[in-house]
Each structure stands twice: as structure tokens, then as C-alpha cells.
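> From first to last, the protein sequence lines are chains A and B. For the first sequence, position 267 matches number 266 in numbering that gives the first Met the number 0, and the numbering has no gaps at all. For the second sequence, position 112 matches number 111 in numbering that gives the first Met the number 0, and the numbering has no gaps at all. For each residue, glycine too, the CB sits at the ideal point set by N, CA and C. Owing to the predicted nature of the structure, the values given are computational and were not obtained by experimental measurement. Here you go, one structure.
Protein chains: 2
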Amino acid sequence: MAHDAPLSPLAPKGFPDMPAVEGVRFAAGAAGIRYKGRTDVMLALMDKGTTVAGVFTKSKCPSAPVDWCRAKIKSGKARALLVNSGNANAFTGKKGADAVKLAAKLAAAGAGAKESEIFMASTGVIGEPLDASKFDGVIAKLAAAARPDAWLDAARAIMTTDTFPKVATATAEIGGVAVRISGMAKGAGMIAPDMATMLSFVFTDAPIGADALQAMLSKSVQGSFNAITVDSDTSTSDTLLLFATGAAAKRGAPKIEAAGDRRLASFRKALDAVLLDLAHQVVRDGEGARKFVGVEVTGADSAKAAKRIALAIANSPLVKTAVAGEDANWGRVVMAVGKAGEKAERDKLAIWFGDVRVAHKGLRDPAYDEAAASAVMKRQEIDIRVDLGLGAGAAKVWTCDLTKEYVAINGDYRS
Amino acid sequence: MAHDAPLSPLAPKGFPDMPAVEGVRFAAGAAGIRYKGRTDVMLALMDKGTTVAGVFTKSKCPSAPVDWCRAKIKSGKARALLVNSGNANAFTGKKGADAVKLAAKLAAAGAGAKESEIFMASTGVIGEPLDASKFDGVIAKLAAAARPDAWLDAARAIMTTDTFPKVATATAEIGGVAVRISGMAKGAGMIAPDMATMLSFVFTDAPIGADALQAMLSKSVQGSFNAITVDSDTSTSDTLLLFATGAAAKRGAPKIEAAGDRRLASFRKALDAVLLDLAHQVVRDGEGARKFVGVEVTGADSAKAAKRIALAIANSPLVKTAVAGEDANWGRVVMAVGKAGEKAERDKLAIWFGDVRVAHKGLRDPAYDEAAASAVMKRQEIDIRVDLGLGAGAAKVWTCDLTKEYVAINGDYRS
């Protein structure tokens, strides 16, 4: 089932050192959900007092664990996170809701916590019932084995068609006390073959209230996980959870309840960095990807218009195949700007590939050097920039190219 | 430049007999715009009194000929149509507008008409200036050679990466008098490689006023050209023009000015049939297409919601690659329904591939036979149907599969 793709050529050269986040412990195990010979379940245990914030898929057909998390996150309290790969528990109706309840019961017993403090995510096949009783045999063992440093084990257990585990970390200070933000993600396409989901879980020892955490997360996600696209397909299961154990309070960090508190400046910056790093890693593991592409739009009527235009470019199959073909085809960029539906004036438009301006004032740039543009397109990382010349609205998004391998991964695996 | 792709396996088995439409004559020639060894310019001459209606791209960066046609169509009067392939005259700024003016002047002289009665379309490379002086040498010859039966010559001259010329015809009656509706189209993707455009030109001898013509065309296009997608990319140049010469008035057909006139019932039906036939042919020539896919959504909140959901399915790269892989992957259909943003209740959803119901009431259909579903997916023509179980809103759209050949056509040709 899992596609044995070679490591993405865009993978980071190595993993960062991932020290413990005080108040969190992890373990991974094999529950036999679907895969053979690999781990497929991850349990994270968090100390009492942990707060939580989350962002979920906008799909109108969300998975059962997404429904569960949306209901439970209102309390802002968390003690454990249970994640499985191999089955998304999506489009599974009442059976799916029952499976989530059973899993919560088992995890609560294992963690010594209330069911309402259990958070969950599932990724894998859509439409197949998830046999949650399979968790029964492993949860007690995982709870006993959980360690603060098992980041990569945890990140590997939640992979589906990912070709590498995705982790990132940063430090910040609150009231002069160092705090840590570390996280993991999985995803290799908005949806991997027959699989669903982009999942990310981020942990900090900072003592921050749930409301402040939620406000910061909702804002930070706009420029990171909500600014990437592999294939424009939104999963039924996208879940991003941010847990704050508050353990740094013992070291003197002040407890902060308001997102606007100035003492959060450093934390906010570090959170942005961790989310952006993880989001970029998802694009770098995009199915069949050979090129990592930044799309920046400036001079738009508004930031919203800029983002819509940037996503129209980043989602265009014709732009993405041109990048795959190392073709500085700015006519397709013009097309994508035009189709976005936002205000654009042809005669004010300028387009760059890397630092080569290829179009200017509604015309091919007279100074445009095709050889220089071709050299840019041969790079592994390519920046496309469009200036609309209308206002101050700007946005940046990231995507990958569309290759024959994408079609093979998504079209060949059953035939 | 032009991609020598083999004939699409989805091409119609032959061409229909295309008799003359009284009042219209065609000729095709080679102006050397870009291609060697093939025709690249088409001139249609229409009798005095011809009315015209049009529908154009929604792109915010339209081509120069689209700007021209939008301005001239207000008068509702037409005498000639000049179309070239090889250059889209898009993103060409003031030079592009000047080229259109020169072309109109040349065509007006050749047709013995006013410049304001000349309609134009261009399809090909974006961003390269169009040298309209190249029309100078050919227009007089084309005007002299124009014949009522040169349909296929005309349809071939406007092709870019199309693998076959596209024509369709139907008859209707108005006030008991037979009238004819015949047309041509080109397009093989919303945009073909480095090329722009879906173009279609339809002609009738019915005596119908421009306002009535426009109302009927705008309505008919919703279920035909606005209900197809190859790759979700909107061209800068999409143009559909409907010309009515009125020649049937000599045979006693009444002149009709109001779109609501009951005597137009037969005409309206025939117009729908011709537009749908041409639109289907564009999908059948979709770049790299191997499967012709109908997507029908019923039971939605409204017709608009149904169409948005149908297009979300038809544009999903993951649904389209699954069809290419002959995989009855209804989980991806659920995903696409969910991402459309319209109301959907998981537990009321049903999905069919052909006549095989694969999902029902938010669950895999208990009676679902995987072998039967696989047999459906092996067909060349596949119907996907989704019932939302909410209301009476329904829509149908058409698309093709997403294959490695699509990526090759759009990504390999310059590398």
C-alpha cells in the first residue's frame, strides 16, 4: 500500500538536534492498523496544566477525529495525543465516531487522564472502518515507554507516503526565561495516494493560556501551513495542534493569558519559524516534486488579493508543468494572474523568475535575457515574483512542480 | 513548436456532413505567423444584416482581440471574422492593440465592410508581438477564394495543439422554416502548451436580432462550454461568437427579436446541441486524455452549489489521476466534495461510478462490488455521480483524466 518512493531530492540534508520540551513525552508502536513491518501509532503524554490550540481542515466532509478535536478543544485543556497512520477514519459515519470514542477511552486509561483531554488524529485510507480495538494492546506499553527525546520515532510513525520524517525546533524567551517550541508534521501532497492528510503537532514548555495560544496559532498559520500547496486538494483530516505544557513556569517564565502581551514577541517569532519550517518540509516532500517554488506577489490591491493571485499561480497545472520542464514560461504566469479574479492591469504587470525580470509594463521585458532565465529554471529552488503595480498588498506562498512522478504515484499504484 | 501528438483516442470516429449555412463563406490560408507548412489564418465573410453575440474569457488579463471584440459586439453587427493561430496577441500592450487595428483595417478592405463590423480572435504564444502586416498578403486572396463549404479547412487553420478539427451541425425550425446552426471550435486544454485559448465560432442562417442571440448564447454556454474543464486553467483569449446571417428570411423564416419568443424553442434546443457537441470535442482532445469523464451532482442545495461541487471533482488532480489509473477511488471524490465549500452532509452522501453505487449514507456501500466498479473504470467513457441528499440542485460537467502525457506535453516540449 505505502508507496516506496525514493527520498525526495528536496529533503533537508539532515535532522536538527531535537532536545526535550519539558512536560512532553513520546512513544511510537505498531498496532497493525494497515501497514506491516513499521510503526503506525504515536502517543504523546503531556503534564497536567497543558493548554491546547488547533486549526483544522475546512473540508465539509471532515474525518471523525477532526469532529472530536473540534468539540474538545473548546476546553483548551490537553493531556494526551493519539495519532495513527494507515486509516484516516474519514467517511466512516457512526462507526467512525464510535471508533474515536473507544480510542479516547483507551488513551485516557493509559494516560491517567479524562477522555475530554485526549486529542486524536488519523491519516490513511478514506472510507474503511478503523478498528480502534487494535489500540488496546499497545497503549499501555506506549504510555510506559514514553520518553522526552523520541521525536523522530514519533514523526516516523505518522508518515504515510512521506519520504522523510519532518521535525523542527526553535527557542524563544518569555520574561527573560528561555522556552522551547518543537514540532513535527506529515504530508506529501494535500492528500497522499488513497491517503488523507496533512498533520502537524507542535509543543512548547511556555506557560501560555489556551485563548492566547489559539490566537497566535490562527495568525501564524496564515503565512505557513495556509500558504503552501502541492496539488490544491484539501484533505478531510488536516489537523494542526499546538500544546503548551507550561513547564517553563517552574524556571520563572511568567504565565501569559493575552495574545497581545508584548512579552510574547520572541515566542511569536519562533512559532512562525517552526511552522514555516515544517510547512516547507511538507512541500519539499510533495509527491513527485523536483523543484521547490516560492511565489511572491506584491503591489496588489490588498493582502487577500495578493494571496489569491499567488495561490492561482501556485496551483496552476500549466505553471507547475512549466517549472518541471525548466521552462521560463511567463505567459502561463500571466494566464494564472488573469484567472485569479482579482484586480490586475496588464500594462502595469511585471514578472521575475529569480532575479531576471521577464515581463514589464504589459510587455515582454526588452532587456530579457532568455539564457539567464533558463539558468534560473535549472535551479532546485526557484522564486517567481509578480508585481501588480496597483497597491501595497503582498503575499508569499510555496509549492512544488508537477511531474510525471506525481501522476505515477497517484495513478499507477492500483492499476 | 506545435506538438505532433497522435490523434486523441477519444476523437469522434468521423466528421459530420457540414452543409453550407446560407450567408457565410470561408477560406483558410498560410500567413506564416509562426508555423511552417500549414494554414494559420481563417477568414469568414458574412452577408449584410448579420447579427452577432459573444461570450469571452473572464480573465483579468485578456488578449487584444478579446478587448476589440468586447467593444465592437455592442453594435450587434458583423460582416467578417479573422482568426489566426500561432500567436495569441495577449500580454502585448499597446503593440497588441495596434496589431488588432491594422488587422481590422485589412480585413475591412478585403471584405468590403466597416472596421467596426470585423471580429477577430488569435491563439498561440502569449507575450510575443503579432506582426499583423503578415495578413496583408493573404486577405485579398482569402476573400476571393471564400466558399460556403470550407468548414474543415477553416477549422484546421485555427488549431494549435488540437489533434483533430472540431465541427458540429444541427437543424431547427422557426415559424415552420428550416434553419441551420453549424460551428467549429479549437482547444485542447484551457490552454495548450505555450498557447492560449479555447475558440469557437457558430453560424446560423436564422433571422434573429443581436439581443435575442446574446441572451440565448449566454444561457446555452452555461451547460456546455462553461461546464467543461481540462486543467482548470482559464485562457487569456477564450472567445465564442455566434453569427446569424438572417438568410433564412428569404425562405419565409420570421425575424425574431425577443429571446423569450416561443418560436425559438426548436432553435434553442439545436443551439444547445451544437455547443455541447463542440464543448465535448474540446474535452475529447484534452491534452494527454485517455478517458472522457462526466461528473453529475444531484441533490444539492442549489444548481450553483451542484456545479461548484461538480467542478471541484472535475478539477481535482487526485480524482483525475485516479481515473487515469482506472482506480474506483471514491475517497478522493469525498475529498473533492468536501473541499468545494458548499453544504454537504457526510451521512447523506451517495457516490456512483457508472451504475455501481460505491458509497451510501456516509459509508462504503455494503453491497459494493469492487470488480464491478473496476470494470466501469476500464471504460473509455466514465460517469461519476454524486447525490448529496439535501435538495433539488443538479449540474453536470465534463472533464478528462490527468495522465503522464499531459505533463509531458506541457513540461517537456522546451527542455
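1) Mind checking glycine 111 of chain B: buried by the 16 CB within 10 Å criterion, or exposed?
2) Does the pairing of the stretch 260 to 275 of chain A with the stretch 213 to 232 of chain A give three or more beta-carbon distances under 8 Å?
3) Please go through the stretch 56 to 143 of chain A and give each complete beta strand (DSSP E) segment of 3 or more residues, from N-terminal end onward.
4) To the nearest angstrom, report how far apart alanine 278 of chain B and phenylalanine 224 of chain B are at their CA atoms.
5) In the DSSP assignment, find the unbroken alpha helix (DSSP H) run with phenylalanine 266 of chain A in it and report its ends.
6) How many Å lie between lysine 319 of chain B and leucine 212 of chain B at the Cα?
7) So, using beta-carbon positions, are threonine 238 of chain B and alanine 120 of chain B closer together than 8 Å?
8) Taking CB distances under 8 Å as the criterion, tell me whether cysteine 60 of chain A reaches chain B.
9) Within 8 Å of any Cβ in chain B, is that where the Cβ of alanine 123 of chain A sits?
10) Quick check: the stretch 381 to 391 of chain B against the stretch 374 to 392 of chain A, are at least 3 beta-carbon pairs closer than 8 Å?
11) For alanine 226 of chain A, name the three-state secondary structure that DSSP assigns.
12) Mind checking glycine 175 of chain B: buried by the 16 CB within 10 Å criterion, or exposed?
13) Can you name the start and end residues of the alpha helix (DSSP H) that methionine 376 of chain A belongs to?
14) When the Cα atoms are used, what is the spatial distance from isoleucine 190 of chain B to glycine 126 of chain B?
15) When the cut-off is 8 Å and only beta carbons count, does leucine 174 of chain B lie next to chain A?
16) How should alanine 102 of chain B be labelled, buried or exposed, when 16 other C-beta atoms within 10 angstroms of its C-beta is the threshold for buried?
17) For chain A, is any of its Cβ atoms less than 8 Å away from the one on proline 5 of chain B?
18) Name the DSSP beta bridge partners of phenylalanine 202 of chain B, please?
19) Using the beta-carbon of each residue, which ones in chain B are nearer than 9 Å to arginine 363 of chain A?
20) Does any residue of chain B bring its CB to less than 8 Å from the CB of aspartate 260 of chain A?
21) If you measure beta-carbon to beta-carbon, which residues of the stretch 12 to 25 of chain B are closer than 7 Å to chain A?
22) Which chain A residues are close to threonine 320 of chain B, counting only those with a beta carbon under 7 Å from its beta carbon?
23) Mind checking the stretch 135 to 166 of chain B against chain A and listing, in chain order, the residues whose C-beta falls within less than 7 Å of any C-beta there?
24) Can you give the Cα-Cα distance for aspartate 193 of chain B and leucine 317 of chain A, rounded to whole angstroms?
25) Can you tell me which of A:Ala26, A:Ala77, A:Leu362 and A:Gly361 puts its alpha carbon nearest to the alpha carbon of tryptophan 150 of chain A?
26) Checking the sheet assignment: what are the DSSP bridge partners for tryptophan 397 of chain A?
27) Thinking C-alpha only, which one of B:Met45, B:Tyr34 and B:Arg37 is nearest glutamate 21 of chain B?
28) Tell me, to the nearest whole angstrom, how far the beta carbon of alanine 77 of chain A is from that of phenylalanine 242 of chain A; I am working on the premise that it is less than 8 Å.
29) Would you mind reading off the limits of the alpha helix (DSSP H) that contains glycine 28 of chain A?
30) Since valine 282 of chain A and isoleucine 227 of chain A should fall inside the 8 Å C-beta cutoff, what is the C-beta to C-beta distance between them, to a whole number of angstroms?
31) Go to valine 166 of chain B, then tell me how far its beta strand (DSSP E) extends in each direction, as first and last residue.
32) Would you list, in chain order, the members of the stretch 337 to 352 of chain A that have their beta-carbon closer than 9 Å to a beta-carbon of chain B?
33) Starting from valine 333 of chain A, find everything on chain B with Cβ-Cβ shorter than 8 Å and list it in chain order.
34) Would you grab the beta carbon distance between glycine 92 of chain A and tyrosine 34 of chain A for me? Rounded to a whole angstrom, and I think it's under 8 Å.
35) Let me make sure I understand the geometry here. Which of A:Asn409, A:Ala87 and A:Gly353 has the alpha-carbon closest to that of alanine 374 of chain A?
36) Using alpha carbons as the reference points, say which of A:Val23, A:Phe90 and A:Cys68 lies closest to histidine 359 of chain B.
The short version:
1) Residue numbering aside, residue 111 of chain B sits at position 112 when the second sequence is read from its first letter. Looking at its Cβ environment, which holds fewer than 16 other Cβ atoms inside 10 Å, glycine 111 of chain B is exposed.
2) yes
3) 79 to 86 and 117 to 124
4) Reading the second sequence from its first residue, position 279 is the one you call residue 278 of chain B. Reading the second sequence from its first residue, position 225 is the one you call residue 224 of chain B. Distance between the alpha carbons of alanine 278 of chain B and phenylalanine 224 of chain B is about 5 Å.
5) Taking the first sequence and counting its residues from 1, the one referred to as residue 266 of chain A is at position 267. Here the alpha helix (DSSP H) through phenylalanine 266 of chain A covers 264 to 283.
6) Sequence index remark: in the second sequence, residue 319 of chain B carries index 320 (1-based). Sequence index remark: in the second sequence, residue 212 of chain B carries index 213 (1-based). So the alpha carbons of these two residues sit roughly 36 Å apart.
7) On the second sequence, position 239 is the one that residue 238 of chain B refers to. On the second sequence, position 121 is the one that residue 120 of chain B refers to. In this structure, alanine 120 of chain B lies closer than 8 Å to threonine 238 of chain B by Cβ.
8) Walking along the first sequence from the start, residue 60 of chain A turns up at place 61. Chain B, which has a Cβ nearer than 8 Å to the Cβ of cysteine 60 of chain A, makes this yes.
9) As a working mapping, residue 123 of chain A is identified with position 124 in the first sequence. In the sequence as presented, alanine is not what sits at residue 123 of chain A; that position holds glycine. Answer no: the Cβ-Cβ gap between glycine 123 of chain A and chain B never drops below 8 Å.
10) no
11) Here residue 226 of chain A refers to the residue found at position 227 of the first sequence. Of the three classes helix, strand and coil, the one that applies to alanine 226 of chain A here is helix, per DSSP.
12) Against the second sequence, residue 175 of chain B aligns to sequence position 176. That one is exposed.
13) Translated into the one-based positions of the first sequence, residue 376 of chain A becomes position 377. Note, methionine 376 of chain A: alpha helix (DSSP H), 369 to 376.
14) Here residue 190 of chain B corresponds to residue number 191 of the second sequence, with the count starting at 1. Here residue 126 of chain B corresponds to residue number 127 of the second sequence, with the count starting at 1. Only weak support exists for where isoleucine 190 of chain B lies, its pLDDT of 42 falling under 50; the coordinates are left without a value.
15) To locate residue 174 of chain B, count along the second sequence from 1; it is residue 175. Correcting the residue identity first, residue 174 of chain B is glycine in this sequence and not leucine. Contact with chain A is absent for glycine 174 of chain B, since none of that chain's Cβ atoms lies less than 8 Å from the residue's Cβ.
16) To locate residue 102 of chain B, count along the second sequence from 1; it is residue 103. That one is buried.
17) One-based indexing of the second sequence puts residue 5 of chain B at position 6. Output row for proline 5 of chain B: interface = no.
18) The sequence position of residue 202 of chain B within the second sequence is 203, counting from 1. Note: phenylalanine 202 of chain B sits in a beta bridge opposite B:Ser181 and B:Phe242.
19) Locating residue 363 of chain A in the first sequence gives position 364, where the first residue counts as 1. Ordered by position in chain B, the residues that pass the 9 Å Cβ test against arginine 363 of chain A are Phe90, Thr91, Gly126, Glu127 and Pro128.
20) In the first sequence, the residue the question calls residue 260 of chain A occupies position 261. Aspartate 260 of chain A does not count as touching chain B.
21) none
22) If you number the second sequence from 1, residue 320 of chain B lands on position 321. Per Cβ cutoff of 7 Å: Val406, Asn409 and Gly410.
23) none
24) Position 194 of the second sequence, counted from the first residue, corresponds to residue 193 of chain B. Position 318 of the first sequence, counted from the first residue, corresponds to residue 317 of chain A. Interpretation of aspartate 193 of chain B is limited by its pLDDT of 45, a score under 50 that renders its predicted location unreliable; the figure taken from the coordinates is listed afterwards. Taking the straight line joining both Cα atoms gives about 9 Å.
25) Taking the first sequence and counting its residues from 1, one reaches residue 150 of chain A at position 151. Out of A:Ala26, A:Ala77, A:Leu362 and A:Gly361, A:Ala26 has the C-alpha closest to the C-alpha of tryptophan 150 of chain A.
26) As a first step, residue 397 of chain A must be located in the first sequence, where it is residue number 398. Paired residues: A:Ile227 and A:Gly293.
27) As a working note, residue 21 of chain B is residue 22 in the second sequence. Minimum Cα distance to glutamate 21 of chain B is reached at B:Met45.
28) One-based indexing of the first sequence puts residue 77 of chain A at position 78. One-based indexing of the first sequence puts residue 242 of chain A at position 243. Their Cβ separation, rounded to whole angstroms, is 6 Å, which keeps alanine 77 of chain A and phenylalanine 242 of chain A in contact under 8 Å.
29) Counting from one through the first sequence, the residue named residue 28 of chain A turns up at place 29. It is not in any alpha helix (DSSP H) - glycine 28 of chain A instead sits in the beta strand (DSSP E) that spans 23 to 28.
30) For the purposes of this step, residue 282 of chain A is taken as the residue at position 283 of the first sequence. For the purposes of this step, residue 227 of chain A is taken as the residue at position 228 of the first sequence. Between isoleucine 227 of chain A and valine 282 of chain A the Cβ distance is about 5 Å, and since that is below 8 Å, they are a contact.
31) Counting from one through the second sequence, the residue named residue 166 of chain B turns up at place 167. Per DSSP, the unbroken beta strand (DSSP E) holding valine 166 of chain B starts and ends at 165 to 173.
32) The stretch 337 to 352 of chain A vs chain B, Cβ under 9 Å: Gly337, Lys338, Ala339, Gly340, Glu341, Lys342, Ala343, Glu344, Arg345, Asp346 and Leu348.
33) Sequence index remark: in the first sequence, residue 333 of chain A carries index 334 (1-based). Close partners of valine 333 of chain A in chain B (Cβ separation under 8 Å): Cys60, Ala89, Phe90, Ile125, Gly126 and Thr235.
34) Residue 92 of chain A sits at position 93 when you count from the first residue of the first sequence. Residue 34 of chain A sits at position 35 when you count from the first residue of the first sequence. With a Cβ gap of about 24 Å, glycine 92 of chain A and tyrosine 34 of chain A do not count as contacting.
35) As a working note, residue 374 of chain A is residue 375 in the first sequence. The residue with the shortest Cα to Cα distance from alanine 374 of chain A is A:Gly353.
36) As a working note, residue 359 of chain B is residue 360 in the second sequence. It is A:Phe90.
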